[in-house]
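Just so you know, we're using our numbering here: the sequence shown kicks off at 3 and counts up by one. Ideal Cβ placement from N, Cα and C applies to all residues, glycine included. Down below is the structure, laid out as structure tokens.
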Amino acid sequence: MYAGTTMELREVHPTSIDSHRSHCALEEPMLPSHTNPLFAPLPHYGPPSTSRTLQSILFRISSFCLSLVFLGSIVICSLVTSIPRTCKRAFYWSTFRDVDKNRPLYDKEQRRAKIRASEEREWELLGQEGTSQEGESERFAEEFPPSEGGKDPIVCDIGYYARRVGLDAELFKVQTEDGFVIDLWHVYDPKEYNKLSDEERDYQDPTIWAKNGENIKRQRHNALDRKPKAPVLLIHGLLQSSGAFCCNDNDSLAFWLCKSGYDVWLGNNRCGFEPRHVSLDYGDPNMWRWNILHFGTLDLPALVSRVLYETGFAKTGLVCHSQGTTQTFVALAKEQCPDLGNKITVFCALAPAAYAGPLIRKVYFRFMRTLSPILFHVVFGIHAFIPFMMQMHALVPPRLYGWMGYTVLSFLFGWSDARWDRGLRNRMFQFSPVYVSAESMRWWLGCDGFAKHKCILATKDVVRAEDRIDEATNGGPLPNTVPTPELEQQLPGATAWFNEQAPPFALWVAGNDDLVDGRKLLRRFESDLEPHVRVCHSKIIEEYEHLDVIWAMDAKDKVFAEVRDVLWKMCDTRDECRVPIGFSNLEPMEANTDLIPNQHLNRLDANV
């Protein structure tokens, strides 16, 4: 609460959805005392008035100038740090050597580049794709003829890239309970699915999707004799959009799962590339009064509900990357929306973001952490976080934009493109960054959120206490002693985040990830701290960085195939669904419910 601001809460919920706010209200989130420090109260803005409008304008002016200074300093630093790499490449070029030969997947990258060039030439000559990528993708090319091709114009269009690999995509609009209209993409095979009309894909009253027992599997398939595919919802990471799952041709996670036999849905959080609300406009600070809590308790349930409504299933698989895992952990927490766990067959977390990595100590992140809430708003505003980045998206040529996006973000977050296909890198950065609120970034990097506590669901004092207990017991159970008040707080489950409604978890941790600490999360699940968590699969990929789990050229073998297997083995409606590629009608896998301390988590058999 800031001095000099208007402090009346403005109602933004439609009256028709008042009855469905018991767990997930925007205005007054019901948080227990021990989680309040993690989700500090947001500033309240009253109804429109001259004073509020003037205040909003002043914040926008100050933040426009100061945030551009901050962004400019980051851009300059990133360009300066790229000079040694540029000089090295120039030296190798001048001595007739290929500096890229030292890249870990150089041969694979060269083969992919030659295949893409050949396909582009054949498309220009014949109007169709004659070949496709190696191995399994060659069979996909025969079954999924592309309807787009040629030289990549590098556009921010999921449907276009789906058509380049023989699929297609349709866009649904979803309304959250607090009135935001968000995007939900559906990836499908055009040979067997009838695209819905614009009216059917538009947003509706969100209570329609929340009704139980009214979902009907609509007959939209051309091949009516085939069973429907099991649904799976994908959620993107921080500053990204769902296009991050669609920019690697046939080896994109979304397209690969679709061709493997799943009904793939791609969820986007509020605002994205086009901020939209049923009653608020862009300039209203109430439009931007949200953070990670709202991603988890409002956006995610709305997306899951719409997927279940459209598919007719009672549950869906959920695959999330980075911030997507954060909002899911927050949503499933026993104090938030634990009922959501009953709608998820399995939660697959890629590069799970629950604990901070060493990157949080970088000087630019420390600077943001030193800002008080009011100073943070003076520098970064009370609206969108540095919207200049998104405005440049429409003005800067796509290849230059992609190069700048990689240069700046790799400097900020400490990862590289060593395992990516550089020929597709500019495409990857067409789908980021997106609009996020200044409040959301304040939760991540400000003085009273994630950057302070280094954890998403526990304060730094609780985390330190748990670390001491873990060290004292070597990850094992507490010794048998006479209970004391202090010991009572240390008993198994005393600080648990989740209850028995949590779905099975599967985790893929990037071993070379400095942005988040996935190993610490695995240790938490291995210990007695989470007695209700059932981990059905875990894997640490030592050489992977934060984005490699979705963009590495070998992610199909190291991550995607295992995600496909986990989704099917944990599906509880296998008899109703089409069997994915590589499976027979096996019995569902039972999740591990009794984790043994200091023993690595159970893994699925790689040979199905």
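Apart from the 5 residues on each side of it in sequence, residue 582 sits with its Cβ closer than 7 Å to the Cβ of 262, 263, 264, 566, 570 in its chain, given in chain order. Residues 498, 500, 501, 502, 504 of the same chain have their beta carbon placed closer than 7 Å to that of residue 534, with the five preceding and five following residues left out of the count.
Annotation for residue 328: the continuous alpha helix (DSSP H) segment containing it runs 325 to 334.
For residue 538, the enclosing beta strand (DSSP E) has its first and last residue at 537 to 543.
Counted as a single uninterrupted DSSP element, the alpha helix (DSSP H) harbouring residue 57 occupies residues 52 to 83.
Contact between residue 382 and residue 289 does not hold, since the beta-carbon distance rounds to 16 Å and is not under 8 Å. According to the DSSP secondary-structure assignment, residue 266 is paired through a beta bridge with 189, 234.
For residue 160, there is no enclosing beta strand (DSSP E); the residue is found in the alpha helix (DSSP H) stretching over 160 to 165. By alpha-carbon distance to residue 346, the top candidate from 353, 104, 236 is 236. Unbroken beta strand (DSSP E) runs of no fewer than 3 residues, entirely contained in the region 344 to 417, are found at 346 to 352, following chain order. Between the alpha carbons of residue 281 and residue 182 lies a distance of about 9 Å.
Counting along the chain, residue 174 sits inside the beta strand (DSSP E) bounded by residues 170 to 177.
Per DSSP, the continuous beta strand (DSSP E) segment holding residue 512 begins and ends at 507 to 512. Cβ atoms of residue 272 and residue 330 stay farther apart than 8 Å, at about 16 Å. In this structure, the beta-carbon distance from residue 439 to residue 292 falls below 9 Å.
CA-CA distance, residue 167 to residue 374, rounds to 49 Å. Cα atoms of residue 188 and residue 294: separation of roughly 24 Å, rounded to the nearest angstrom. Around the Cβ of residue 55, a 10 Å sphere holds fewer than 16 other Cβ atoms; the residue is exposed. For residue 432, there is no enclosing alpha helix (DSSP H), as DSSP marks it with neither H nor E.
Counting other Cβ atoms within 10 Å of its Cβ, residue 402 stays below 16 and is therefore classed as exposed. With contacts defined as CB atoms closer than 9 Å, residue 557 and residue 102 fail to qualify as a contacting pair.
DSSP, read as helix, strand or coil, puts residue 534 in coil. The residues 232, 347, in chain order, have a CB closer than 6 Å to that of residue 573 in the same chain once the five nearest residues on each side in sequence are set aside.
Residue 128 and residue 164 have their C-alpha atoms spaced approximately 20 Å apart. Beta bridge pairing from DSSP links residue 439 with 386.
Nearest to residue 363 by alpha-carbon distance, out of 456, 296, 96, is 456.
In summary, residue 536 is buried, with 16 or more beta-carbon neighbours lying within 10 Å of its beta-carbon over all protein chains present. Residue 311 places its beta carbon 9 Å or farther from that of residue 421.
Going by C-alpha positions, residue 424 is about 8 Å away from residue 111. Taking a contact as a CB-CB distance under 8 Å, the pair residue 385 and residue 62 counts as one, their CB atoms being some 6 Å apart. Take the alpha-carbon of residue 431 and the one of residue 544: they are about 25 Å apart.
DSSP, read as helix, strand or coil, puts residue 182 in strand. In the structure shown, residue 94 adopts helical secondary structure according to DSSP, grouped into three states. Of the candidates 466, 79, 540, 314, 79 places its Cα closest to the Cα of residue 366. A direct Cα-Cα distance of roughly 34 Å separates residue 99 from residue 255. Here residue 520 carries a helix assignment [DSSP, helix/strand/coil].
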